[in-house]
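Quick note on the numbering used here: the sequence shown kicks off at 170 and runs consecutively.
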Amino acid sequence: MKNDCIFCAIGAGEIPSFKIYEDEVSLAYLDINPFSFGHTLVIPKAHSANLAETSDETLAMLVSRVKKIARHIKETLPCDGYNILQNNGEAAGQSVHHIHFHIVPRMAGDKLEFVNSKGDMAALQALAERLKM
Ligand code: AMP
Ligand code: ZN
């Protein structure tokens, strides 16, 4: 665990999150400032900053979790499709330097712009209950 890393602290349960999935090595929770309804982040509990720093084994584990969680989101929400995003470096929009995959649910014709909205905490809590795996 890396000191001062917010996603390590979430992974260790030291700060709260709108968790929807957890196992020994990974965690998925709602993005607090979502691009779209159901926007979810999937992280490994072990710290690594980005794609290049993450072992192939951890990446394979993470992608299998992303696949499982995305399928669950698509089956549970009104959701026609989804984008998987993974930003590396500030130039690419990475703001938290603990690797994470974004699952961004999409609706047909939504013309989504990938801009963070201000999350409504009560709505996120209710959504996390609905999506809990
Ligand atoms: P990135 O820009 O790829 O680094 O994505 C970081 C994402 O983490 C952003 O979409 C933020 O809204 C989200 N985020 C930051 N802090 C938290 C938090 N405490 N809980 C959930 N999501 C967060
Ligand atoms: Zn970390």
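Note that CB positions come from ideal geometry on N, CA and C, so glycine has one too.
Between which two residues does the alpha helix (DSSP H) containing residue i stretch?
i, result
"F176", "I175 to G180"
"T245", "D225 to T245"
"L293", "M290 to L300"
Answer yes or no: the CB of residue i versus the heavy atoms of the ligand AMP, is any distance below 6 angstroms?
i, result
"V265", "yes"
"D279", "no"
"D200", "yes"
"N219", "no"
"G361", "One cannot answer for residue 361 here, as it falls past the ends of the chain, which runs 170 to 302."
Would you please state the rounded distance, in angstroms, between the beta carbons of residue i and residue j? I believe it to be under 8 angstroms.
i, j, result
"C177", "H269", "About 11 angstroms separates the two Cβ atoms, so there is no contact after all."
"F206", "P274", "6 angstroms"
"M170", "H216", "6 angstroms"
"S264", "P203", "With a Cβ gap of about 14 angstroms, S264 and P203 do not count as contacting."
Would residue i and residue j be called neighbours here (beta carbons separated by less than 7 angstroms)?
i, j, result
"I238", "A295", "no"
Less than 6 angstroms separating the Cβ of residue i from some heavy atom of the ligand ZN?
i, result
"F176", "yes"
"K171", "yes"
"H269", "no"
Going by DSSP, what residue range makes up the beta strand (DSSP E) through residue i?
i, result
"A197", "S195 to L199"
"E183", "E183 -> no beta strand (DSSP E), and no H or E assigned at all."
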